[in-house]
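K.L.:
Protein chains: 2
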Amino acid sequence: MNYKKLDKLTVLEYILDVNSVMSYFGEDELQADEIGDGNLNFVYKISSLKDTQKALILKQAVPYLRCVGEEFALSRERMNYEIRALQKFYSIFPSFIPKVYHSSESMSLVVMEYLDSHVIMRKGLLDKVEYKKFSEQISTFMAATLFYTSSLHLSSSEKRALIDRFNSNVELCKLSEDLVFSFAFMEHETNINMEDDENAKRLFLDMELKERILELKYKFMTQNDALLHGDLHTGSIMINEKEACVIDPEFAFVGPFGFDLGVLLANFVSSYVYHSVVSRDDEYREWILLSIKEFLAKFQAKFLDFWSESKNSALLVDGYMDKAALEAYKKKFIRDVFRDSVGFAGCEAARRVYGVAGVEEIRGISDKLLRAEAEALVLKIAREFLMNYKTIQNCDEILEILRDAR
Amino acid sequence: MNYKKLDKLTVLEYILDVNSVMSYFGEDELQADEIGDGNLNFVYKISSLKDTQKALILKQAVPYLRCVGEEFALSRERMNYEIRALQKFYSIFPSFIPKVYHSSESMSLVVMEYLDSHVIMRKGLLDKVEYKKFSEQISTFMAATLFYTSSLHLSSSEKRALIDRFNSNVELCKLSEDLVFSFAFMEHETNINMEDDENAKRLFLDMELKERILELKYKFMTQNDALLHGDLHTGSIMINEKEACVIDPEFAFVGPFGFDLGVLLANFVSSYVYHSVVSRDDEYREWILLSIKEFLAKFQAKFLDFWSESKNSALLVDGYMDKAALEAYKKKFIRDVFRDSVGFAGCEAARRVYGVAGVEEIRGISDKLLRAEAEALVLKIAREFLMNYKTIQNCDEILEILRDAR
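Chains A and B supply the protein sequences, listed in that same order.
Adding 65 to a residue's 1-based position in the first sequence gives its number in my numbering.
Adding 65 to a residue's 1-based position in the second sequence gives its number in my numbering.
(1) With a cut-off of 7 Å, does the C-beta of I228/B fall near any C-beta of chain A?
(2) Does DSSP classify M386/B as helix, strand or coil?
(3) Excluding the 5 residues preceding and the 5 following A208/A in the sequence, name in chain order all residues of the same chain whose CB lies nearer than 7 Å to its CB.
(4) Using beta carbons (cut-off 7 Å, strictly below), is L211/A in contact with chain B?
(5) Which value, in whole angstroms, describes the spacing of the CA atoms of Y155/A and S169/A?
(6) Could you tell me which chain A residues have their CB closer than 9 Å to the CB of Y179/B, listed as they occur along the chain?
(7) Looking only at C-alpha atoms, which of I111/A, A126/A, Y68/A and C132/A sits nearest to V421/A?
(8) Quick check on G384/B - is its C-beta less than 7 Å from some C-beta in chain A?
(9) By alpha-carbon positions, which one of R417/A, A415/A and I399/A ends up nearest to I457/A?
(10) Hey, how far is the Cα of V127/A from the Cα of N305/B?
(11) For the alpha helix (DSSP H) that S336/A lies in, which residues bound it at each end?
(12) Classify K198/B: buried if its beta carbon has 16 or more other beta carbons within 10 angstroms, exposed otherwise.
(13) Short check: CB of E423/A to CB of R417/A, under 7 Å?
(14) Which residue from K388/A, R141/A, L191/A and F322/A puts its Cα closest to that of S341/A?
(15) Quick test of your reading: Y89/A and Y166/A, contact by CB under 8 Å. State the CB separation rounded to the nearest angstrom.
(16) Output yes if chain A places a C-beta closer than 7 Å to the C-beta of A291/B; else output no.
(17) Taking all protein chains shown into account, do 16 or more other C-beta atoms lie within 10 angstroms of the C-beta of A138/A, making it buried, or fewer, making it exposed?
(18) Does the stretch 286–297 of chain A touch the stretch 320–328 of chain A, meaning 3 or more C-beta pairs lie closer than 8 Å?
(19) Please report whether the beta-carbon of A437/A lies at a distance below 7 Å from any beta-carbon of chain B.
(20) I'd like to know whether the C-beta of R225/A is nearer than 7 Å to at least one C-beta of chain B.
(21) If you follow the alpha helix (DSSP H) that D469/A is part of, which residue opens it and which one closes it?
(22) Using a Cβ-Cβ distance under 7 Å, would V235/A count as near chain B?
(23) State the CB to CB distance for the pair L354/B and L464/B, rounded to an integer number of angstroms; the pair is presumed to be in contact (CB under 8 Å).
(24) Would you kindly work out how many angstroms separate the C-alpha atoms of G101/B and K358/B, rounded to a whole number?
(25) Between V76/B and the ligand ADP, is the CB less than 6 Å from at least one heavy atom?
(26) Assuming the contact rule is C-beta atoms closer than 8 Å, R230/B and G300/B should be a hit. Round their C-beta distance to whole Å, please.
(27) For Q96/B and S85/B, which I take to be in contact (beta-carbon distance under 8 Å), what is that distance rounded to the nearest angstrom?
(28) Excluding five sequence neighbours on each side, which residues of the same chain lie with their C-beta closer than 6 Å to the C-beta of K284/A?
(29) Between S378/B and the rest of its own chain, which residues show a CB-CB distance below 6 Å, the 5 nearest in sequence each way excluded?
(30) DSSP three-state call for S171/A: helix, strand or coil?
(31) One question on the structure: do E315/B and E147/B come within less than 7 Å of each other, judged by their Cβ atoms?
(32) Measuring alpha carbon to alpha carbon, tell me which of N145/B, S173/B, V402/B and T255/B ends up nearest S215/B.
(33) Could you pull out every residue in the same chain whose Cβ sits closer than 6 Å to the Cβ of E135/B, ignoring the five residues on either side in sequence?
(34) Need the endpoints of the alpha helix (DSSP H) that S431/B sits in, please.
(35) Determine whether the beta carbon atoms of I278/B and C412/B lie at a separation below 7 Å.
(36) Taking only three categories from DSSP, how would you classify E315/B?
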């Protein structure tokens with residue numbers, strides 16, 4: 066089918082021909098509402114007239130950046146990678162991914178489960194909800210998806226086939242390269258709130274820090290460890306107290322192990338800073354610290370668990386090494402992944418301060434003085450991460466950095 | 066055109082339809098001779114009857130490993146990557162690549178310049194020829210081809226397009242992964258001369274060393290720095306005292322900067338060991354040491370020169386860093402490339418001892434005791450390389466390792 070942008074009415078015509086969607090709704094009469102307020106795409110809720118909880122989501126990419134308009138071209142092929150990533154993650158760990166009922170690369174759209182009992186995690190964290198199962202859930206999802214899409218599990222040809230499926234996600238990878246690692250650390254027209262800001266001036270002149278960021282950018286661009294979500298912040302997680310679900314993997318590509326972990330860590334740092342500066346809720350801050358420690362520690366343990374079940378892979382030929390040497394190698398390997406994730410967290414946390422894409426916890430603070438305080442705190446933590454990531458030993462050191470930064 | 070394997074006669078029929086080849090020969094009557102004794106492919110010399118120096122080479126891949134026979138399947142698509150690499154290298158530095166007159170991916174063949182005044186460099190080194198221009202030549206070729214196919218020069222989308230062109234060279238990458246990094250360091254049916262060999266036993270139990278090799282294998286598989294030749298030993302270089310030409314890039318893929326450098330260094334080590342143990346020619350050994358030092362040092366200087374002319378790339382946005390910081394970053398970057406190349410040289414040198422693909426300088430030594438002496442010397446040097454590559458500072462340390470190893 067040739068691409069055309071759907072609207073509230075043509076969405077309903079389109080799904081008439083999609084058996085998997087029609088069999089979900091049965092004989093019900095349907096309605097469609099546009100519900101998305103996303104930056105990139107159009108999102109419709111399609112629901113049964115007589116039971117609006119019986120619903121699916123249709124998400125369609127348009128060939129421009131929705132929040133700016135048609136003059137900011139952005140190829141709709143990004144939806145191909147979102148579809149492929151959803152399918153791949155679903156095949157590895159279905160319970161953390163919305164169920165996909167239909168997808169079409171030619172129409173740049175996907176129809177999937179409507180998560181009505183979940184909220185965006187970023188909002189939940191602002192509202193001080195303690196998601197007690199989250200560290201267990203996300204560590205499983207990340208350990209499984211990263212391990213099973215890496216050369217530690219796949220064969221050499223399977224790994225290359227995986228790269229083939231995601232290598233051409235050119236525009237969104239370039240967006241990350243520019244926005245996460247470059248523009249937010251220099252005078253740039255896309256930056257926000259940097260005028261007359263002493264912290265911004267200091268940041269832009271901090272060459273020691275920027276060298277670290279450049280090293281990590283190079284790693285981001287050239288290190289093909291595993292299939293990443295590519296944008297795993299707390300706005301890409303739908304959650305309630307029982308379940309967590311990962312959405313919006315349009316930035317997916319085969320990149321360095323530590324990146325998704327780092328992005329998530331950085332977004333927890335933003336939340337920690339918000340609750341240090343704005344809500345000043347010590348108890349909730351401690352819950353955030355505990356969650357950080359748990360998800361990073363559990364990730365490492367689970368990753369090693371998955372690895373222990375795998376005998377042959379692109380990397381390892383059974384019998385190459387004795388058991389003790391192999392265990393030592395694996396421990397060193399996962400420690401290096403952990404270190405990189407701390408470095409990437411430094412980039413992600415810092416870029417949210419002046420970069421075009423801010424986070425609600427910091428940029429959303431309306432009181433100017435408080436916002437400045439929060440920004441300074443984020444930058445301080447990010448700097449500690451970046452200057453220490455190559456030698457950091459364990460999760461406790463991360464908590465120390467966060468506690469000492471206040 | 067559908068693929069069919071050519072022979073002495075059908076080769077001449079095939080080129081009748083190829084204008085670029087026919088215009089090279091004009092009205093001359095032609096003959097074809099099979100001249101290849103390669104492991105993988107069939108090679109024909111097509112020449113004018115009245116002037117046999119007026120000649121071209123036609124190289125065709127068959128869907129099996131020629132030296133074993135049809136029972137060892139190896140997809141003929143490897144020729145696609147050889148053609149693409151020849152074209153890419155030629156576009157960057159034509160004087161080091163045989164001129165291609167015609168290529169066909171569907172027929173898995175390439176027609177190229179006949180290098181009649183050149184010899185295979187490995188043979189020249191055995192014959193103690195001092196190629197005085199070689200370090201200058203090869204350092205230019207490698208610095209240019211590696212730099213201009215990397216994220217230090219290309220844009221983000223150009224780099225991904227390059228990866229697309231080479232990512233599916235699956236079988237030959239897998240061969241390298243197995244043969245350079247795995248099988249030669251463990252009990253394996255493909256190994257040669259390892260029975261009752263004390264050095265082999267010691268090597269296979271040397272877990273400290275094998276951990277280093279595994280780290281480098283992981284880097285080989287996942288680090289996408291630049292387009293590599295992939296098999297740049299002295300048998301892939303045609304040379305005389307004026308010119309050097311790089312051939313046979315069928316192992317080409319986008320991989321780590323240090324690999325080609327390391328392979329070349331290792332093959333110079335084999336030659337050094339041969340002239341230490343067999344010919345015992347001190348003067349020639351010194352020439353080899355000088356060449357090693359020169360090509361590694363010149364490579365680094367030229368790479369930095371190319372880099373200094375490049376302002377914007379996937380990695381660098383103009384204005385991101387001040388000049389001094391950028392210079393420091395680049396120096397560190399090239400030092401790390403150098404270090405990796407020493408590590409890769411350790412793998413390549415050592416794998417030639419018991420691995421299935423030996424080198425003439427070592428495996429070709431007919432005297433068993435001398436061969437054992439040479440093997441021990443190679444292994445000693447390779448071990449020094451591997452145990453020290455992460456901290457090695459400069460080329461002189463490499464020469465020290467070689468001198469001290471005797």
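Using N, Cα and C, we set each Cβ at its ideal position, and we do this for glycine too.
P.N.:
In short:
(1) Taking Cβ atoms only, chain A reaches closer than 7 Å to I228/B, which makes this a yes.
(2) Three-state DSSP puts M386/B in coil, outside helix and strand.
(3) Cβ neighbours of A208/A beyond the five flanking positions: F364, K367, F368 and F371.
(4) It does not; no Cβ of chain B falls within 7 Å.
(5) Near 17 Å, if we compare the C-alpha coordinates of S169/A and Y155/A.
(6) Correct list: empty, because the minimum Cβ distance to chain A is about 34 Å.
(7) Scanning I111/A, A126/A, Y68/A and C132/A for the CA closest to the CA of V421/A turns up C132/A.
(8) At a cut-off of 7 Å between C-beta atoms, G384/B counts as an interface residue with respect to chain A.
(9) Sorting R417/A, A415/A and I399/A by C-alpha distance to the C-alpha of I457/A places I399/A at the top.
(10) Roughly 59 Å separates the two Cα atoms.
(11) Its alpha helix (DSSP H) spans residues G323 to V342.
(12) So K198/B ends up on the exposed side.
(13) The question names Glu, but residue 423/A is Gly in the sequence shown. The beta carbons of G423/A and R417/A sit closer together than 7 Å.
(14) With distances taken between CA atoms, S341/A lies nearest to L191/A out of K388/A, R141/A, L191/A and F322/A.
(15) At roughly 6 Å, the Cβ-Cβ gap stays under 8 Å, so Y89/A and Y166/A are in contact.
(16) Chain A contact via Cβ: absent.
(17) It counts as exposed.
(18) In short, these stretches touch, since the Cβ pair count reaches three.
(19) No, A437/A does not count as interfacial toward chain B.
(20) With 7 Å as the cut-off, R225/A counts as an interface residue toward chain B.
(21) From DSSP, the alpha helix (DSSP H) with D469/A extends over C460 to A470.
(22) Chain B, which has a Cβ nearer than 7 Å to the Cβ of V235/A, makes this yes.
(23) Right, the Cβ-Cβ distance comes to about 5 Å (below 8 Å), so this counts as a contact.
(24) Distance from the CA of G101/B to the CA of K358/B, rounded to the nearest whole angstrom, comes to 33 Å.
(25) Although the ligand ADP was asked about, the structure shown includes no ligands whatsoever.
(26) About 25 Å separates the CB atoms of R230/B and G300/B; that is not less than 8 Å, and the two are not in contact.
(27) Your pair Q96/B and S85/B does not check out as a contact, with CB atoms roughly 19 Å apart and the cut at 8 Å.
(28) Contacts found: P321.
(29) Within the same chain, Cβ atoms closer than 6 Å to the Cβ of S378/B are found at L217 and H218, the five residues on either side in sequence being excluded.
(30) Three-state result, S171/A: coil.
(31) In this structure, E315/B sits near E147/B, with a CB-CB distance shorter than 7 Å.
(32) Taking S215/B as reference, the option from N145/B, S173/B, V402/B and T255/B with the minimal CA-CA separation is V402/B.
(33) Cβ within range, chain order: Y129.
(34) For S431/B, no alpha helix (DSSP H) encloses it, and the DSSP letter there is neither H nor E.
(35) Yes, the Cβ-Cβ distance between I278/B and C412/B is below 7 Å.
(36) E315/B falls in the coil class under three-state DSSP.
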